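Heads up: the sequence shown begins at 5 in my numbering, then just goes up one per residue.
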Amino acid sequence: MNDDGHGISITGNVTGIVQSGSHARAEYTHQQTAPTPGEAPELRALLAAADALRERLRALAPDELPPAAAEVAGQALDELAAAAPEGRQPDGGRVGRAVFTLTGALGAAAALTEALRALTSAAAPWF
């Protein structure tokens, strides 16, 4: 039975007779298939923003960010990449934690403000 307690719910392709009996009826609902997560523009934007932030981190002078903050940010970017593997739906909890860690570690670095803002905007669908 389906969620409302009536009948059978079939997902996928059906070939042959769907209904039988004198009081049987069938309702057909066609739903468009969503794009695979690897094709989602939101996922591409998130990964591109993470890559851009990583590049900005590498370009910083040593005195622009404390080494401990740079290390924490690198780990959070690695976590973000692991949370959003190509071709699969990102883990929203892991994305959120990585973004929160990045904003905390890098919020005081003026040179990273725009890249950090782009990342948080790209991660918005998972909050």
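All C-beta atoms in this analysis are idealised placements derived from N, C-alpha and C, irrespective of residue type, glycine included. Model, not experiment: these values are computed from the prediction.
Nearest-angstrom Cα separation, counted from residue j out to residue i
{"i": "residue 61", "j": "residue 86", "result": "19 Å"}
{"i": "residue 74", "j": "residue 88", "result": "21 Å"}
{"i": "residue 51", "j": "residue 109", "result": "19 Å"}
{"i": "residue 116", "j": "residue 95", "result": "25 Å"}
{"i": "residue 122", "j": "residue 53", "result": "6 Å"}
{"i": "residue 93", "j": "residue 124", "result": "18 Å"}
{"i": "residue 120", "j": "residue 45", "result": "19 Å"}
{"i": "residue 129", "j": "residue 70", "result": "30 Å"}
{"i": "residue 81", "j": "residue 66", "result": "19 Å"}
{"i": "residue 126", "j": "residue 64", "result": "22 Å"}
{"i": "residue 111", "j": "residue 47", "result": "23 Å"}
{"i": "residue 98", "j": "residue 58", "result": "18 Å"}
Limits of the alpha helix (DSSP H) - the one that residue i falls within
{"i": "residue 126", "result": "117-127"}
Residue i - DSSP class collapsed to helix/strand/coil
{"i": "residue 113", "result": "coil"}
Note to self: Runs of 3 residues minimum, wholly inside the region 39-110: which ones carry the beta strand (DSSP E) assignment?
What the structure shows: DSSP runs (the beta strand (DSSP E)) wholly in the region 39-110: none.
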